[in-house]
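Numbering (my numbering), first residue to last: 128 to 299.
What follows is the structure, given as structure tokens:
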């Protein structure tokens, strides 16, 4: 059973976590709720969710190293969790945000290889291509964008990849 405090903190966190409705607003209150949720039952059935959401809230606060630490903990403790693919994606995304492009690309590549059916796989390829472009690896980025277009043609990113490929090919 789920402890009452875990449910309380999850409800509070879910209510206050509004990253899409409050862009660029640090989600401090939600982060504190998810942190308490995790601390109440760190091995319980909702601990993976708490770690993921706590990490996402830390990301809005630009506490990326702490977020990456908790996401890595999620992967280690709960490798079969439904949250694992998003955790892997966020590690790559946050590394890229820190301009640690090689580490970001490695993490994002692992998303595609370990979780090819997840919603995070096309996102991983998309951001991986942009992190390659940030390093001036246009030809490699084209390969990744083509992989995205081929493997995930019906995804939003797969559809956008075609336009980017055309733009990059035209600018050659």
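Note that CB positions come from ideal geometry on N, CA and C, so glycine has one too.
For residue i, tell me which candidate among the options has the shortest Cα-Cα distance.
i	options	result
residue 137	153, 217, 245 and 181	181
residue 147	279, 187 and 230	187
residue 296	280, 281, 270 and 284	270
residue 166	282, 207, 135 and 142	135
residue 232	264, 207, 204 and 273	264
residue 207	241, 222 and 197	241
residue 257	287, 153 and 246	287
residue 246	226, 158 and 281	281
Assuming residue i contacts residue j under a Cβ cut-off of 8 angstroms, what Cβ separation, rounded to an integer in Å, is found between them?
i	j	result
residue 224	residue 191	6 angstroms
residue 184	residue 161	6 angstroms
residue 175	residue 201	6 angstroms
residue 215	residue 237	6 angstroms
residue 228	residue 261	6 angstroms
residue 249	residue 284	4 angstroms
residue 129	residue 172	7 angstroms
Taking the continuous alpha helix (DSSP H) assigned at residue i, which residues delimit it?
i	result
residue 151	Neither: residue 151 is in no alpha helix (DSSP H) and is coded neither H nor E.
residue 285	283-297
residue 136	131-143
residue 266	265-278
If the criterion is Cβ atoms closer than 8 angstroms, does the pair residue i and residue j meet it?
i	j	result
residue 210	residue 179	yes
residue 253	residue 217	no
residue 177	residue 164	yes
residue 222	residue 203	no
Against chain B, does residue i count as a neighbour if the rule is that its beta carbon must be under 8 angstroms from one of theirs?
i	result
residue 225	Going by chain labels, chain B is absent from the structure shown, which holds only one protein chain.
Under the criterion of a Cβ to heavy atom distance below 7 angstroms, does residue i qualify as lining the ligand FAD?
i	result
residue 271	No copy of the ligand FAD occurs in the structure displayed, which carries no ligand at all.
> What residue ranges within the segment 177-246 form continuous beta strand (DSSP E) runs of no fewer than 3 residues, ordered along the chain?
Replying inline: List check, beta strand (DSSP E) in window: nothing returned.
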